[in-house]
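In UniProt numbering, the protein residues as written are 1 to 376.
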């Protein structure tokens with residue numbers, strides 16, 4: 001029986017071969033007689049799994065030795081608190097700046113305000129005229145030259161792919177050019193992590209919830225420049241202090257062992273696809289197919305400024321929204337799951353992460369055409 005196509009924004013589709021391997025090894029990992037879920041996190045078997053996952057991720061991301069890799073708990077939302085607890089006080093007066101381009105960067109900004117002076121350096125939260133057309137709030141990105149970054153800020157935070165709004169940064173700014181050479185960039189890359197090459201050395205810290213492209217829910221990847229570690233606020237729990245986690249190779253406390261194991265299988269799958277570069281080519285082809293049809297249709301509309309459209313999360317609306325329920329019911333009957341948009345923006349959303357093959361996107365486009373033929 002063929003599996004349906006899962007367009008969930010997260011937790012999301014995983015490579016089928018990864019699921020099959022995890023199932024095959026469920027009761028006995030490599031002759032150990034134990035499931036990974038039963039292993040001591042300090043035993044040699046899990047140490048091998050964890051260290052191998054880190055080594056594969058380092059290879060995929062081309063990470064230099066002066067960047068620590070940490071597998072943590074709490075998800076991207078948890079990191080909205082863990083990042084400021086570790087970094088906001090690093091220069092004395094606790095202060096950080098934020099580029100707000102959607103739901104997640106808004107939440108990051110709000111959470112950081114619990115730990116210091118969180119200031120908005122730029123925001124797309126208003127309508128704007130771009131390229132001769134009016135853009136709604138959070139469907140565009142403020143040009144970097146307009147950002148007001150304080151030179152004394154502990155860091156500048158941005159969300160490089162807004163999962164809900166479908167806005168993606170295609171490049172990260174050089175903060176020296178913005179008059180803030182000593183301000184490190186902090187990037188929430190959760191929903192496009194491993195989908196395209198990212199030069200992490202242009203950031204001081206990057207984090208990503210694994211449940212989009214890099215594994216199951218339960219583990220969050222944090223990549224941080226080592227010179228930023230060891231400056232946590234006194235209120236920071238020891239288990240969330242990056243210095244502790246890095247020093248113990250993600251095993252300071254009991255980590256999400258099974259989630260790290262599955263994430264490691266995903267990294268090996270990414271390598272088998274030609275690495276991040278190979279996946280970028282596949283992801284571009286999928287996005288071009290879907291956006292190409294949406295743009296050619298008068299029945300559907302994507303609201304995002306074309307230059308910052310996400311390759312991973314594609315929101316769209318039906319011009320006649322009274323048809324939404326019929327659209328979703330028909331999609332599910334056709335084996336196309338989780339297409340309903342986030343409640344904060346409505347409409348539809350297709351998340352076409354790494355593990356979604358081109359055939360799945362083609363099946364969606366075929367359904368879009370058929371639904372338009374019937375109701376357009």
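Where a beta carbon is used, it is the ideal one built from N, C-alpha and C, also for glycine. Computed from a predicted structure; not experimentally measured.
Between residue 334 and residue 368, the alpha-carbon positions lie close to 11 Å from each other. Shown here for residue 109: same chain residues with a beta carbon closer than 8 Å to its own, the five before and five after excluded, namely 98, 100, 118, 120 and 157 in chain order. In the three-state reduction of the DSSP assignment, residue 5 falls in the strand class. In this structure, DSSP gives residue 186 an extended state, which the three-state scheme calls strand. Rounded to whole angstroms, the separation of the alpha carbons of residue 275 and residue 221 is 18 Å.
In summary, residue 129 is exposed, with fewer than 16 beta-carbon neighbours lying within 10 Å of its beta-carbon over all protein chains present. The stretch 263-273 and the stretch 102-116 do not touch, with fewer than 3 CB-CB distances between them shorter than 8 Å.
Distances from the CA of residue 91 to each of 153, 50, 338 and 107 were compared; the closest alpha carbon is that of 153. For residue 18, the enclosing alpha helix (DSSP H) starts and ends at 16-24. In the assembly as shown, residue 64 is an exposed residue. Its beta-carbon has fewer than 16 other beta-carbons within 10 Å.
Runs of the beta strand (DSSP E) lying entirely within the stretch 209-277, each at least 3 residues long, are 220-225 in chain order. Residue 29 has its alpha-carbon roughly 6 Å from the corresponding atom of residue 35. When beta bridges are read from the DSSP output, residue 97 appears opposite 119 and 156.
A check of alpha carbon separations from residue 8 across 2, 295 and 360 identifies 360 as the nearest. Between the stretch 136-156 and the stretch 53-67, the count of Cβ pairs shorter than 8 Å is below three; the stretches do not touch.
Within the stretch 316-364, the complete alpha helix (DSSP H) segments at least 4 residues long are 324-333, listed from N- to C-terminus.
Under a 10 Å Cβ-count criterion, residue 188 is classified as buried, with 16 or more other Cβ atoms of the shown protein chains found around its own Cβ. Nearest neighbour of residue 323 by Cα position, chosen from 180, 138, 340 and 308, turns out to be 340. Ranking 199, 303, 94 and 197 by CA distance to the CA of residue 133 puts 303 first. Per DSSP, the beta bridge partners of residue 128 are 135. Around the beta carbon of residue 201, fewer than 16 other beta carbons sit within 10 angstroms, so the residue counts as exposed. Rounded to the nearest whole angstrom, the CA to CA distance from residue 54 to residue 267 is 9 Å.
Residue 86 counts as buried, since no fewer than 16 other beta carbons sit within 10 angstroms of its beta carbon.
DSSP places residue 180 outside both helix and strand once states are collapsed to three, so it counts as coil. For residue 68, DSSP records a beta bridge to 224.
The beta carbons of residue 218 and residue 210 sit closer together than 9 Å. In the structure shown, the three-state DSSP call for residue 205 is strand.
The residues 257 and 258, in chain order, have a CB closer than 8 Å to that of residue 37 in the same chain once the five nearest residues on each side in sequence are set aside. In this structure, DSSP gives residue 62 a state outside helix and strand, which the three-state scheme calls coil. Per DSSP, the unbroken alpha helix (DSSP H) holding residue 83 starts and ends at 75-87. Under the criterion of beta carbons closer than 8 Å, residue 313 and residue 163 qualify as touching, at roughly 5 Å. Distance from residue 15 to residue 355 at the Cβ level is roughly 5 Å; contact confirmed, criterion being Cβ atoms closer than 8 Å. Assignment of residue 91 by DSSP, reduced to helix, strand and coil, places it in the coil class.
Here residue 309 is bridged, per DSSP, to 167.
In this structure, residue 194 places its C-beta atom within 9 Å of the C-beta atom of residue 214. Residue 352 is positioned such that its CB atom lies closer than 9 Å to that of residue 290.
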